[in-house]
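There are 2 protein chains.
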Amino acid sequence: MNSSEFPVSDMQSNQNVEVDHRMNVSVDVALFTVRNEEFQVLLIERGINPFRFQWALPGGRIRSDIGDGETPEETAYRELEEETGISKDLVGYLEQLGAYGNPKRDPRNRVISIAYFGIRPMLDDPKGGSDASKAEFKPVNEIKQSLAFDHDEILSDAIDRARAKLEYSTIATEFCGEEFTITELRKVYEIVWGVSLNPGNFQKKVLSSPGFVEDTGRNAESSSTGGRPARLYRSGSAALINLPIRRN
Amino acid sequence: MNSSEFPVSDMQSNQNVEVDHRMNVSVDVALFTVRNEEFQVLLIERGINPFRFQWALPGGRIRSDIGDGETPEETAYRELEEETGISKDLVGYLEQLGAYGNPKRDPRNRVISIAYFGIRPMLDDPKGGSDASKAEFKPVNEIKQSLAFDHDEILSDAIDRARAKLEYSTIATEFCGEEFTITELRKVYEIVWGVSLNPGNFQKKVLSSPGFVEDTGRNAESSSTGGRPARLYRSGSAALINLPIRRN
DNA sequence: TCTATTTATTGTAAAAACAACTATAACTAT
DNA sequence: ATAGTTATAGTTGTTTTTACAATAAATAGA
């Protein structure tokens with residue numbers, strides 16, 4: 020009996036009855052951003068039971084009645100748009116976290132969930148609040164009540180993954196806007212990791228990593244508090260960096 | 020509309036008809052080992068269509084008629100046993116790789132697959148061939164024909180993951196038996212990565228990583244080819260190592 | 001027994017990377 | 001002009017890496 024088999028006679032189970040093993044498959048998304056000097060995640064408040072009035076990650080079932088069938092990634096973007104009003108082009112990065120298959124994770128019936136974590140950059144134009152019911156970015160350190168379903172576990176894994184990827188990948192740039200300064204990039208690390216990094220050493224590390232950032236040739240406007248205006252960079256072509264950024 | 024919803028009226032899709040979105044969910048396993056100085060993966064030959072007579076990763080559907088429902092991990096162990104005769108206690112390590120949800124990955128109907136990668140240690144007693152139909156360890160570098168379904172992609176991802184984890188984790192010890200020498204451990208790295216590593220530097224790196232290996236106090240029997248007998252170690256308590264092993 | 005060979009393990013020195021710190025550059029506000 | 005502020009470049013000692021040399025402990029054959 021091989022993977023992906025039709026629901027016909029199951030030789031291994033020694034029973035020649037046809038058993039329907041189909042189950043619901045959903046997608047949940049942990050969409051992160053850095054706003055207001057905080058590491059935040061997008062949550063929605065559930066309007067129906069179970070877990071009514073509790074906060075949850077946005078998500079929903081993979082639909083089989085759209086085109087030739089949705090990919091899980093398409094479901095992720097669709098549900099984000101439907102539940103929070105955030106359209107695909109406002110999501111800078113999306114990556115699969117894994118499948119969550121505890122048989123009791125949904126109290127009603129069997130649901131497998133495929134979890135994603137994504138990053139929304141700091142946007143220049145806030146675009147106003149979405150018209151969807153109740154969706155908010157919440158600081159991850161201030162989420163006290165437990166989330167619906169097993170979303171505590173999913174969120175915890177997503178936070179771990181995001182923090183780990185900062186070390187050896189360039190995804191930190193996804194938190195920034197189109198153009199950013201090295202200090203803005205360093206603040207992403209500091210806020211997501213909850214540490215403080217040496218500015219000089221961070222700068223040298225980033226600039227010596229080939230393809231991490233790309234010089235725009237222009238400077239940012241100097242802030243009203245004074246100080247030398249910082250150079251503006253954009254995201255480079257590299258996805259990975261050979262020498263990791265360390266958390267101290 | 021939230022994740023893990025009942026198949027009742029779908030408000031977001033603006034249609035008050037009940038649509039059954041359930042689908043088959045299967046588990047596929049890439050089980051690796053190092054045998055005969057080669058990095059090998061366990062494959063089975065399919066006995067039925069589609070992809071009859073093609074090689075595939077072992078796996079099968081998550082069953083809802085076992086107990087209160089199987090977890091995907093339980094499915095992985097069950098299918099390994101059923102299809103290849105390898106029982107759970109012969110698998111040293113198992114970790115989820117991710118979900119594969121291309122709507123066309125199975126030509127018959129929609130199947131989501133949750134992929135795992137695992138490691139089987141070099142065993143002292145080979146236990147003889149399994150009675151299952153046709154299951155063999157194949158060197159990953161010698162798999163020329165494409166595998167069934169999207170198993171090429173899954174295997175490729177599994178190989179990447181296994182190779183990457185050698186750098187910063189202690190899973191290399193899972194390829195070894197209960198007790199092993201530093202040279203045996205180094206050979207795992209060399210074979211899986213396809214590189215050659217400096218013996219002295221490797222030794223120092225491993226022994227200076229706290230919890231990587233644990234001294235048994237005994238030596239291996241010296242081989243017939245001569246040479247100083249190597250010290251025997253067992254796997255330590257650490258799962259991660261702070262200073263990575265590099266591929267050169 | 002002696003010697004060459006083999007493998008494991010330890011030592012050493014140059015090079016690279018890191019961490020902490022200092023100096024300079026380029027701005028604002030008074 | 002001067003002080004304060006932020007960005008960026010330089011400096012120095014320490015740790016880590018890399019390449020290579022030396023020693024240890026065995027086997028095999030003369």
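Just so you know, the protein sequences line up as chains B and L, in that order. Numbering of the first sequence is given in the working numbering, commencing with residue 20 and proceeding in unit increments. Numbering of the second sequence is given in the working numbering, commencing with residue 20 and proceeding in unit increments. Glycine is no exception: its CB is placed at the ideal position from the N, C-alpha and C atoms.
**Request:** Check whether the Cβ of residue 267 of chain B lies closer than 8 Å to any Cβ atom in chain L.
**Result:** no
**Prompt:** Name the chain L residues that come within less than 8 Å of residue 196 of chain B, Cβ to Cβ?
**Reply:** Within chain L, no residue comes near residue 196 of chain B; the closest Cβ sits about 30 Å away, beyond 8 Å.
**Request:** Mind checking the stretch 40 to 62 of chain B against chain L and listing, in chain order, the residues whose C-beta falls within less than 8 Å of any C-beta there?
**Result:** 40, 41, 42, 43, 44, 45, 46, 47
**Message:** Please report the straight-line C-alpha distance between residue 113 of chain L and residue 60 of chain L, rounded to a whole angstrom.
**Reply:** 14 Å
**Request:** Compare the Cα-Cα distances from residue 170 of chain L to each of L/131, L/191, L/199 and report the closest residue.
**Result:** L/131
**Message:** Using beta carbons (cut-off 8 Å, strictly below), is residue 117 of chain B in contact with chain L?
**Reply:** yes
**Request:** For residue 223 of chain L, count neighbouring C-beta atoms within 10 Å of its own C-beta (all shown protein chains included) and say buried if the count is 16 or more, exposed if not.
**Result:** exposed
**Item:** Minimum Cβ-Cβ distance from residue 105 of chain B to chain L less than 8 Å
**Value:** no
**Asked** Do you know offhand how far residue 211 of chain B's Cα is from residue 185 of chain B's?
**Response** 9 Å
**Message:** Quick check: is the beta carbon of residue 88 of chain B nearer than 8 Å to any beta carbon in chain L?
**Reply:** yes
**Message:** On the criterion of 16 or more Cβ atoms from any shown chain inside 10 Å, does residue 134 of chain L qualify as buried, or is it exposed?
**Reply:** buried
**Asked** Can you list, in chain order, the residues of its chain whose CB lies under 6 Å from that of residue 73 of chain L, leaving out five sequence neighbours each side?
**Response** 65, 167
**Request:** Spell out the partners DSSP gives residue 199 of chain B in its beta bridges.
**Result:** B/252
**Request:** Give the single residue among L/56, L/42, L/103, L/47 whose Cα lies nearest to the Cα of residue 194 of chain L.
**Result:** L/56
**Message:** Within 8 Å of any Cβ in chain L, is that where the Cβ of residue 129 of chain B sits?
**Reply:** yes
**Prompt:** Is residue 99 of chain B helix, strand or coil when you go by DSSP?
**Reply:** helix
**Item:** Residue-level contact to chain B via CB, residue 38 of chain L, 8 Å cutoff
**Value:** yes
**Item:** Nearest-angstrom Cα separation, counted from residue 45 of chain B out to residue 124 of chain B
**Value:** 12 Å
**Asked** Thinking just about the alpha-carbon of each residue, which of L/198, L/264, L/43, L/69 is nearest to the one in residue 236 of chain L?
**Response** L/198
**Message:** Could you check whether residue 229 of chain B and residue 239 of chain B sit closer than 8 Å to each other, using their CB atoms as the reference points?
**Reply:** no
**Request:** Measuring only between beta-carbons, confirm whether residue 182 of chain L sits less than 8 Å from chain B.
**Result:** no
**Request:** Could you tell me whether any Cβ in chain B is nearer than 8 Å to the Cβ of residue 120 of chain L?
**Result:** yes
**Message:** Between B/257, B/204, B/216, B/258, which has its C-alpha nearest residue 250 of chain B's C-alpha?
**Reply:** B/204
**Message:** Can you tell me where the beta strand (DSSP E) holding residue 158 of chain B begins and where it ends?
**Reply:** 154 to 158
**Prompt:** Which residues mark the beginning and the end of the alpha helix (DSSP H) in which residue 175 of chain L is found?
**Reply:** 170 to 187
**Message:** If contacts are defined as beta-carbon pairs under 8 Å, then residue 115 of chain L and residue 117 of chain B qualify, I think. What distance do you get, rounded to the angstrom?
**Reply:** 5 Å
**Request:** Quick one: using the 10 Å Cβ neighbour count with 16 as the cut-off for buried, is residue 157 of chain B buried or exposed?
**Result:** exposed
**Asked** Beta carbon of residue 43 of chain B, beta carbon of residue 80 of chain B: below 8 Å?
**Response** yes
**Asked** Taking Cβ to Cβ, would you say residue 178 of chain B is nearer than 8 Å to residue 159 of chain B?
**Response** yes
**Asked** Quick one: Cα of residue 107 of chain L to Cα of residue 139 of chain L, how far?
**Response** 10 Å
**Message:** Comparing C-alpha positions only, which one of L/85, L/254, L/48, L/142 sits nearest to residue 103 of chain L?
**Reply:** L/48
**Message:** So the candidates are L/192, L/182, L/87, L/225; which of them puts its Cα closest to the Cα of residue 213 of chain L?
**Reply:** L/182
**Message:** Against chain L, with Cβ distances strictly below 8 Å, would residue 176 of chain B count as a contact?
**Reply:** no
**Prompt:** In the DSSP assignment, what residue or residues form a beta bridge with residue 113 of chain L?
**Reply:** L/137
**Same chain, Cβ closer than 6 Å to residue 192 of chain L, neighbours up to 5 away in sequence not counted** = 254
**Prompt:** So which residues of chain B does residue 91 of chain L contact, with C-beta pairs closer than 7 Å?
**Reply:** 118, 120
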